[in-house]
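What follows is a short report on a single structure.
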Amino acid sequence: MQTKPLKLPLVVFSYSMFFSTGHFEPEAFNAWYKRNGLERPFHIYFVLHIVFWLLFVGVFFGFCVWFLPLKLQYPVLVSLGIITVAECICTIYTVSVDPQDTNVILKKQPRNIHYIKHLGVPVIDQETHICQVCNVKVGTQTKHCKPCNKCVEVFDHHCELLSTCIGRKNYHTFLGILVLGNLALLSFGASGLYGFSLYFYNHQDFLTQLEAFSIPQEAAKGTAAGLFLYSCLCIGFLGGLLNLLIFHLRICYIGMTTIAYLDSRHARGPPLWHINTKEYRKSQKEIEKYA
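So the number in the working numbering is just where the residue sits in the sequence shown, counting from 1, plus 218.
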């Protein structure tokens, strides 16, 4: 019987369909893997991430920055321009690189297209470390990502915001996105709040700036409200992104991956800030020694 072509959705709201074999024919799905975040399916969070990023950047460079004092406008434009371009480069690299395990790429083994996935059951055999889809023995920190259907070297997590896996090959640029994103959002939010404050403390300058944009004075209150809303959005996203950055800086210091931490917490391990770094690193060396 001929296998039907694999038809993947363009956008998904959940990855639940990929965690077991029920939604796709095993032969068709196991022959496929997602090379990077530029291939379908895209998570809805990735789409929203792009939309909000364009919104924040567009409003800042097109509107908010011009409310700053004249002597600050061009230094801020240049510095934020560099940060935004650097963040864009990190994002493109992180999304476009294939984080697949090097052993799998080099050995070019035929994939086991008949493997049946089960919810909650790892694809990689926990004793032999052989992936039952990729047919290759992999490292202890390699995981088979079910949504991408491939083994990822030093797997950290599957990022829904970037619609790709984060592993050894793109983790550093992922951290770069977090650092640069925090700097950008902080600056965007601060510039919006400054423009909003002008409405109350230097109303004439506020109206002069509106005139430069051909905005009627009657719309001054609505414009100020828009600047305030923009700032609130930036600060809200900044809070979430800063929390994520602190988490990743902490696990980097420990020498831990996100998935290892989540597995530890699931097994009732200590919270993030109570982990003994020295003991954890020692235990990892022992695991690698006998793997």
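Just so you know, even glycine gets a beta-carbon here, dropped at the ideal spot from N, CA and C. Just so it is clear, the structure is predicted and the values come from calculations on it, not from any experiment.
Three-state class that DSSP yields for residue i in the structure shown
i: Lys-500; result: helix
i: Cys-282; result: helix
i: Phe-431; result: coil
i: Val-370; result: strand
i: Ile-493; result: coil
i: Lys-325; result: helix
i: Ile-262; result: helix
i: Ile-334; result: coil
i: Val-339; result: coil
i: Met-219; result: With a pLDDT of 47 at Met-219, under the threshold of 50, the modelled position of this residue cannot be trusted; read the value that follows with caution. DSSP places Met-219 in coil when its eight states are reduced to three.
i: Lys-252; result: coil
Anticipated Cβ contact below 8 Å, residue i with residue j, distance rounded
i: Pro-365; j: His-376; result: 6 Å
i: Ala-442; j: Tyr-417; result: 4 Å
i: Ser-238; j: His-336; result: 6 Å
i: Trp-284; j: Gln-427; result: 6 Å
i: Leu-445; j: Gly-410; result: 5 Å
Same chain only: Cβ atoms within 6 Å of residue i, ignoring 5 sequence neighbours per side
i: Tyr-333; result: Asn-248, Gln-350, Val-351
i: Trp-491; result: none
i: Asn-353; result: Gln-327, Asn-330
Other residues of its chain near residue i: CB distance less than 7 Å, five sequence neighbours each side excluded
i: Ile-477; result: Lys-361, Phe-373, Asp-374, His-375
i: Lys-225; result: none
i: Tyr-389; result: Asp-374
i: Val-277; result: Tyr-448
i: Cys-308; result: Thr-391, Gly-394, Ile-395, Leu-398
i: Val-275; result: Thr-302
Other residues of its chain near residue i: CB distance less than 8 Å, five sequence neighbours each side excluded
i: Gly-357; result: Asp-319, Asn-321, His-347, Glu-371, Val-372, Ala-509
i: Glu-197; result: Look at the range of the chain in this structure, 219 to 509, and you will see that residue 197 is not part of it.
i: Leu-425; result: Gln-435, Ala-438
i: Ile-433; result: Thr-441
Cβ of residue i within 8 Å of any chain D Cβ
i: Ile-323; result: Reference to chain D is not applicable here, since this structure consists of a single protein chain.
Enclosing alpha helix (DSSP H) for residue i [first to last residue]
i: Lys-439; result: 438-472
i: Thr-312; result: 288-314
i: Arg-483; result: 476-484
i: Leu-228; result: Neither: Leu-228 is in no alpha helix (DSSP H) and is coded neither H nor E.
i: Gly-407; result: 389-419
In DSSP terms, what residue i is bridged to
i: Cys-363; result: Lys-368
i: Thr-382; result: Cys-377
i: Lys-355; result: Ile-348
i: Gln-422; result: Paired residues: none, contrary to the question.
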